[in-house]
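One structure is given below, encoded as structure tokens.
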Amino acid sequence: MGRLQPRRPWLLWGAGIGVAGLLAVGTLQARDSAPPVGVVALPELPAEAQSVHAAIRAGGPFAYAKDGSVFGNRERALPAETKGYYREYTVITPGAADRGARRIVCGGTVAVAPSTCYYTANHYLSFKRITP
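Each number in the working numbering comes from the position in the sequence shown (counting from 1) with 11 added on.
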């Protein structure tokens, strides 16, 4: 007797893609439910970040016109909130020719008294929640 060959080999190939797709969806769902966010004490931040944090609490002034604009959280690196909840502010990077990669992102309903703020040194790839 010869070896049996599947009549429709494309079905086997499609099933493999389906399993990979399901695994990918499970990974995305896990990331949405609990984003990994570290913690950093305000005095441990660079001096420039501490100055921006103080300016946020005072309502300004800020170095860039884009400071205070809505942060969309498209990367889903922060806890999910309604659109407009998060605002971003530039932390000046000495020697950078542009705005650099450092930001503070704050969330809350009141601009000068946000409920929580986060620091990123790598342009939204990772965040640390700022504590007093």
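Beta carbons: idealized from backbone N, C-alpha and C, even for Gly. Keep in mind that this is a model prediction, so the values were computed, not measured.
Per DSSP, cross-strand counterpart(s) of residue i
{"i": "I141", "result": "V51"}
{"i": "R98", "result": "V81 and C117"}
{"i": "Y135", "result": "The partner list for Y135 (beta bridge, DSSP) is empty, contrary to what the question assumes."}
{"i": "Y130", "result": "I115 and K139"}
Length of the line joining the Cα atoms of residue i and residue j
{"i": "G70", "j": "V121", "result": "10 Å"}
{"i": "H64", "j": "D78", "result": "12 Å"}
{"i": "C128", "j": "R140", "result": "6 Å"}
{"i": "P143", "j": "L53", "result": "5 Å"}
{"i": "E86", "j": "A60", "result": "22 Å"}
{"i": "G106", "j": "P90", "result": "32 Å"}
{"i": "F138", "j": "L56", "result": "12 Å"}
{"i": "T104", "j": "R114", "result": "10 Å"}
{"i": "A58", "j": "T93", "result": "31 Å"}
{"i": "G184", "j": "A88", "result": "A query on residue 184 cannot be resolved here, the shown segment of the chain reaching from 12 to 143 and no further."}
Residues near residue i in its chain [Cβ-Cβ closer than 8 Å; skip 5 each side]
{"i": "P125", "result": "I67, R98, C117, G118 and G119"}
{"i": "F73", "result": "V63, A66, G79, Y100 and T101"}
{"i": "V123", "result": "I67, R68, A69 and G70"}
Cβ distance (whole Å) where residue i is taken to contact residue j below 8 Å
{"i": "Y130", "j": "V51", "result": "6 Å"}
{"i": "R110", "j": "Y75", "result": "6 Å"}
{"i": "A108", "j": "N133", "result": "So it is not a contact: roughly 17 Å between Cβ atoms."}
Beta-carbon contacts of residue i that lie in its chain and below 6 Å, excluding the five residues immediately before and after
{"i": "N84", "result": "Y97"}
Residue i in three-state terms, based on DSSP
{"i": "A41", "result": "In this prediction, A41 has a pLDDT of 41, which is less than 50 and means its spatial position is unreliable; what the coordinates show is noted afterwards. A41 falls in the helix class under three-state DSSP."}
{"i": "P125", "result": "coil"}
{"i": "E59", "result": "helix"}
{"i": "G32", "result": "Low local confidence applies: a pLDDT of 43 at G32 is under 50, so the model's placement there is unreliable, and no value is given."}
{"i": "A66", "result": "helix"}
Residues of its chain near residue i, where Cβ-Cβ distance is below 7 Å and the 5 sequence neighbours each way are ignored
{"i": "G95", "result": "V81"}
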